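In my numbering, the protein residues as written are 80 to 294.
Below is one structure, written out as structure tokens; comments come after it.
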Amino acid sequence: TYGAAAAFSFYGNKNMTTAEGGAVIARDAQLRETIRQARGHGMTSGTHQRLNSRTPQYDVTMLGFNYRMDELRAAIGLVQLQNLQEWNEIRRILVVLYRRLIADYCSAVTVPFGKPRTSAYHIMPVLLPHDVDRQTVIDHLRTKGIQTTIHYTPVHQMTLYRQMFTEIHLPKTEDFAQRELTIPLHPQITASAIESVVVALATAIESSGRAGAAA
């Protein structure tokens, strides 16, 4: 991590999963201990520590919550972790294929981050042209059995934050968010399925363009 700490989600759609939960890494030992205490109701010792100590006593010295991962989820995560590097490499290869096919079939679509860089390739975002209606594309892909989603609605446009920070305007962020579409990516997707997605995407964009011109 570039910062003092980094958080990782293990939700079901992440590169590795424990169904729910996550992990935090930190450089500073004191910060790690604070995080451990906060995840367990702010208690100064955990069950295993008390089991191995001479006293069952504990104290609560900070506000905490029950954020502890149970052992069943941790066991799933340990197995997933063994495969993570291989799965990430598969994702990288699939993204290269996506880039090539998108350039061949629908070059008006932009794949963000063109320069080589280290990435976990968690999702496959594409940026639609300005003259294409995103909902029309989503609807067309759905008729082909292709699920899409959007990553992400800008935080400053969420109701809570919009009410708290009324003067924030981020035009580049908003333009990106209005045109972004996430298409399927996971280690089990096949090359033929990826080609089908891209062909359907190209058809949807062409249809949307014709509809816009007619209007």
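Where a beta carbon is used, it is the ideal one built from N, C-alpha and C, also for glycine.
Values in this document were obtained by computation on a predicted structure and should not be read as measured data.
| Asked | Found |
| --- | --- |
| Residue interval of the alpha helix (DSSP H) (run including V158) | E150 to Y184 |
| Beta strand (DSSP E) runs wholly inside the segment 91–125, at least 3 long, in chain order | 101–105 |
| Euclidean distance between Cα positions of I247 and M237 | 12 Å |
| At least three beta-carbon pairs within less than 8 Å, the segment 270–281 to the segment 173–181 | yes |
| At least three beta-carbon pairs within less than 8 Å, the segment 114–126 to the segment 143–152 | yes |
| Residue nearest to A153 in terms of C-alpha spacing, selected from A84, T227, I268 and T97 | T97 |
| Residue interval of the alpha helix (DSSP H) (run including F255) | P250 to R258 |
| Rounded straight-line distance, which links the Cα of I114 to that of V139 | 14 Å |
| Which residues DSSP lists as bridging G277, in chain order | It should be noted that the sequence gives Val, not Gly, for residue 277. V277 pairs with nothing; no bridge assigned. |
| Supposed contact pair Y200 and N162 - C-beta distance, whole angstroms, cut 8 Å | Incorrect: roughly 15 Å between the Cβ atoms, too far for contact. |
| Per DSSP, cross-strand counterpart(s) of P204 | T261 |
| For R111 and A83, believed in contact at Cβ under 8 Å, the rounded distance | The pair is not a contact, with the Cβ atoms about 10 Å apart (cut-off 8 Å). |
| Top-ranked residue by Cα proximity to Y231, from F255, P135, E165 and V188 | F255 |
| Bridge partners - N31, DSSP secondary structure assignment | Lying before the first or after the last residue shown, residue 31 is absent from the chain, which here runs from 80 to 294. |
| Presumed contact (8 Å Cβ cut-off) between L264 and I172, rounded CB distance | Between I172 and L264 the Cβ distance is about 11 Å, and since that is not below 8 Å, they are no contact. |
| Where V139 sits in the DSSP three-state scheme | strand |
| Nearest-angstrom beta carbon gap, L206 and E259 [assumed within contact, 8 Å] | 6 Å |
| DSSP beta-bridge partners of S286 | None; S286 has no bridge partner. |
| Three-state class that DSSP yields for A272 in the structure shown | helix |
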